[in-house]
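*Asks:* Numbers given in the numbering used here equal positions in the sequence shown, counted from 1, plus 151.
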Amino acid sequence: MKTSNLYHLATLIALSKQITAYGITGLSGGVNFDTGERPARRDLRDLQSSGAAFDLYIQALAQFQADDQSDMVSYYEVAGIHGYPYRSWDGVDGQFSTGYCSHGSPIFPTWHRPYLALFEQRLWQYAQSIAASYPDDQRQTYVDAATTLRVPYWDWAVNPNMPDSLVYESIVINTPTGQQTIDNPLYSYKFHPLPLGSDIPSDDPLAKYQETVRSPDPNTGLSRMDNVNSGMSSNSAWLTSSTYQLLSSETNYTVFSNSVLKDRGDNYNNLESIHDGVHALVGDGGHMTYFSMASFDPIFWIHHCSIDRVFALWEVLNPDSYIEPMGDTYGTFVIEAGTVEDINTPLYPFHRSDDPNDFWTSGSSRSTRDFGYTYPEIQDWGVDQGTLQNNVRTAINNLYNAPARKGRAAPKNKRDLLDDFKNAPQELTGLAANEVTGQMTKTRFDSLGVNNMVKNWAINVAVDKHALEGNPFQIHFFYGEPDSQLGPSEYSSAPNLIGTYRTFTSPMSSHNQKHRRASTNNLSTGQISLSPLLANAISNGILPDTSLAPESVVPKLSKNLEWRITDSSGQNEVPVQDLADKVEDVPLADVPLADVPLADVPLAVVPVADELLLVDAAPKTPPLTEAGTVVSFAMAAEALKAASVFGPLELSKD
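(1) What would DSSP say about K665, mapped onto helix, strand or coil?
(2) So, are the CB atoms of N603 and D718 less than 8 Å apart?
(3) Have a look at G231 and G250 and give me their C-alpha separation to the nearest angstrom.
(4) So, A172 versus G242, is the Cβ gap smaller than 8 Å?
(5) Can we say the stretch 258–273 touches the stretch 171–187, given the rule of at least three CB pairs closer than 8 Å?
(6) Could you spell out the range, first to last residue, of the alpha helix (DSSP H) harbouring K593?
(7) I'd like to know whether the C-beta atoms of P257 and F462 end up nearer to each other than 8 Å.
(8) Can you tell me the Cα-Cα spacing of H426 and S408, whole angstroms?
(9) Measuring CB atoms only, is the stretch 380–392 touching the stretch 426–441, in the sense that at least three cross pairs come out at less than 8 Å?
(10) Quick check on DSSP: helix, strand or coil for D194?
(11) Can you look up F451 in the DSSP assignment and give me helix, strand or coil?
(12) Pull up the CB-CB distance for Q331 and I281, whole angstroms please, since I reckon it's below 8 Å.
(13) Kindly provide the ranges of any alpha helix (DSSP H) runs that are 4 or more residues long and lie completely inside the stretch 195–232, ordered along the chain.
(14) Would you report the Cα separation of Y235 and S690, rounded to the nearest angstrom?
(15) Should P336 go down as buried or exposed, given a rule of 16 or more other Cβ atoms within 10 Å for buried?
(16) Between W465, D615, G523, I649, which has its C-alpha nearest N541's C-alpha?
(17) Take the Cβ of M786 as the centre, count every other Cβ of all protein chains shown within 10 Å, and call the residue buried at 16 or more, exposed below.
(18) In three-state terms, what does DSSP make of I626?
(19) Can you pull the DSSP bridge partners for H502?
(20) I need the straight-line Cα distance from V229 to I494, nearest angstrom please.
(21) Can you give the Cα-Cα distance for G600 and A308, rounded to whole angstroms?
(22) Given this structure, state the Cα-to-Cα distance separating C252 from P449, to the nearest angstrom.
(23) Buried or exposed: where does M223 fall if 16 or more other Cβ atoms within 10 Å of its Cβ makes it buried?
(24) Just verifying my parser: in three-state terms, what is the DSSP assignment at W307?
(25) With distances taken Cα to Cα, identify the nearest neighbour of Y652 among D597, E632, R715, G631.
(26) Since Q678 and I610 are thought to touch, with beta carbons under 8 Å apart, how far apart are those beta carbons, to the nearest angstrom?
(27) Count Cβ pairs between the stretch 198–216 and the stretch 284–300 that sit closer than 8 Å; are there 3 or more?
(28) Between the alpha carbons of L357 and D218, how many angstroms are there, rounded?
(29) Can you name the residues that DSSP bridges to D334?
(30) Among I529, C456, V612, which one has its Cα closest to the Cα of V467?
(31) If you draw a straight line from the C-alpha of G489 to the C-alpha of S381, how long is it?
(32) What is the residue span of the beta strand (DSSP E) that F676 lies within?
(33) Examine the Cβ distances between the stretch 409–422 and the stretch 626–645 and report whether three or more of them are shorter than 8 Å.
(34) Going straight from the alpha carbon of A686 to that of S504, what length do you get?
(35) Buried or exposed: I170, going by 16 or more other Cβ atoms within 10 Å of its Cβ?
(36) So, at 7 Å on beta carbons, what are the nonlocal neighbours of L539 in its own chain, with the 5 sequence-adjacent residues on each side left out?
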C-alpha cells in the first residue's frame, strides 16, 4: 500500500482557485438541538401518500432538475460529481479519468453520506420557497411540511417493486395554483441539453438518450418499468436474505462496507455488492447500470438513501467498529488507486463550510445527527444505547424476519437424507417458478422462515468486475441446468434459478484501464443465498428439516449447481473463458463456530460453522468454453448456523 500527497495537493489547489467553498451544512429544519430529535427520511411509499410533503418534494425536484446545467449546484452538476463529466467541482481538481465517487473502498458508505446531504440540502431550499407561495388557507400546512422535508428511501428488501411514483411519466399533485398534472421528475431526468463531446463521450453506450432510461427497449429506447419490476421481484429473496444477514451477522465495518476486501474470511456478503445488484437490476442496460451515468437517474438518490439507511441501522448495532486503514482499490478523480484511506481521509469534494480547507471526513460524517436527519427505526434521543439497539433489532426482525418470533415449524417429512437428494434437481426444477428461489414472494419468504433456518447455505462469489473491459455482466446460478429452450434473456424467470450476481461498472475506456489494473486487488465479492431453495424444498417435503448438514449438502450442491454469464442487457450470453482467468481460487479452510453473545432481543445472528471449497479438478481450458458448473468457477459454499432465542434452536458445534 502507499500513501499519497494528493489529499494535501487537492486542498492547496482549492485554496488557490477560490476564496470560499460551497458548504454542506446539514439541515436544521425540524431539529431539536437540545434533545437531538430530528425529522426522519421516509419510505417513498409512505411519502407519496403524505399529501403536502409529497407535493413539495415533487415540485422541488422538478425545479432542481430545471436549473441551468452550468450552475455549480444545479441537478446536472451535482449528479455529475459521481461520474461524468470527470471534471472538478467546487474547486477540487483531480487528474484521473473517473468521477469522485468512492467504490471498492472502506469509505464507500461514508462518501455517499455528504453527497446525499448535498442533494437533500438543495431540494430542501427549493421546498421552502414553494411552500411560501401557497394560498393563505394552505400555506402553514405546506410551510410545516417543507421544514421537515427530507429525501425518501425505497426499501427494496421489504418490497422490491418500485413505488408507483417512480413508474409513471406524469403525476398529479396539488400546487400553489391548484391541482395539476405535470411531468414526473422521478420518472427520468431530461438533459437540457445532453452535452456530448464536451462532458459525455459520443461513443458512450447511453449517448443516444436525451433523458435517463431504465431497461430501455432496444428498438424504441423507451423505459420498460414492467421489466424493472419483474427483475426486482425475481430477486426479492436475495434482497431480503442478504440485507437481513448483513445486519444480523456482520460486526466488522471493513467486511460490511465494501466488496473488495481480500482477507474477509468466510463472509462475502457486503453492503456494496447489494448496492451493485440493485443498480444493475434497475438500470437493466439503462443509466443506473453504469456508475459514470447512474446519478443522473432520479432513482439513484432514493436507492442510495436506502443504502445509507442500512448503514445507519448497522452503525447502531455496531458502535465500536468503524474504518480501519485500507487501500482504495480503484481510485477516484482525486485519489490514486492503492492509496491508503482512513477515518481522516477527506471525502472529496464535499466541504463542511465555506472554508475551502474544511472537508467532510468519515470521522465527521459518522452520525446522521450531523446532517439533521434520521430514519424511522432510529429514534436515538431520550434512550440509552442498549434500549436503542434493542428497538432497532426488533424493527429489523419485524421488517425482514417476521417468523423470528414464532419459532420453527416441525419437520414435515422424515425421509432419509440421501433418498431426498437423489432426485432433488428434477423435483426442485419442477416447482412453481414463484416458489423456488429468487422469485419467491415476500409473503412466501416469511412463511418459510428463510431468514430463521438452522443453517444458511450460500454461494460466495469473487470475480474481477472489470474482466470484460469494464462492461457490466451477470452470473446466473441454477440448481440443475436451465431449460435448453430458454434464451439468455429468460434466465431470470427460469424455475430453477437460485440467484444472480451483478456487477456495477462502466466501460474500461471511460475509466482508464491501466489506472484500474494497477490496483492491488481487482476481485469483487458477493454472496447468493441458497436458503430460499432449501427452505422451499423442506416445505414441499423434498428435504427434512435436519437435512442441511455439510457432509450431505455439499456433494449435492457441487454436483447440481450450474452457472451462466450474460452481458448487462441480459440478451447475450458471455463465453465462460472470458472470465476463466479472472477468478481467484479460494483456499480450503476449516473455520470453527464462533461464540455468539446474545442480546436481550437479538437478531438471528449467523456465525460461521463450516467453510468448504467446491473445487473442480479439471483444467481451465477447453471444457470451460462451454457453460460449466459453479465448482469450476471456484466458488465457495458455506454452511452457516443461525443463533436465535426466538425459536427452539440450540447452538452446537457440528
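From the three backbone atoms N, C-alpha and C, an ideal C-beta is built for every residue, glycine too.
*Replies:* For this structure:
(1) Note that K665 has pLDDT 47, beneath the 50 cutoff, so the model's placement of it is unreliable and the number below is only indicative. Three-state DSSP puts K665 in a helix.
(2) no
(3) 8 Å
(4) yes
(5) yes
(6) 593–599
(7) Result no, Cβ atoms of P257 and F462 do not sit closer than 8 Å.
(8) 11 Å
(9) By the Cβ rule, the stretch 380–392 counts as touching the stretch 426–441, because three or more pairs are nearer than 8 Å.
(10) strand
(11) helix
(12) Actually they are not in contact, since the Cβ atoms of Q331 and I281 sit about 13 Å apart, beyond 8 Å.
(13) Fully enclosed alpha helix (DSSP H) runs of 4 or longer: 195–198, 203–217, 226–230.
(14) 49 Å
(15) buried
(16) Distances from the alpha-carbon of N541 to those of W465, D615, G523, I649 put W465 closest.
(17) Below a pLDDT of 50, predicted positions are generally treated as unreliable, and M786, at 32, falls in that range; no measurement from the model is reported.
(18) strand
(19) G174, F510
(20) 24 Å
(21) 15 Å
(22) 17 Å
(23) exposed
(24) coil
(25) Minimum Cα distance to Y652 is reached at R715.
(26) 7 Å
(27) yes
(28) 22 Å
(29) S321
(30) I529
(31) 39 Å
(32) In the sequence under discussion, the amino acid at residue 676 is Thr, which differs from the Phe named in the question. Per DSSP, T676 belongs to the beta strand (DSSP E) from 674–680.
(33) No: fewer than three Cβ pairs fall under 8 Å.
(34) 52 Å
(35) exposed
(36) V467, D531
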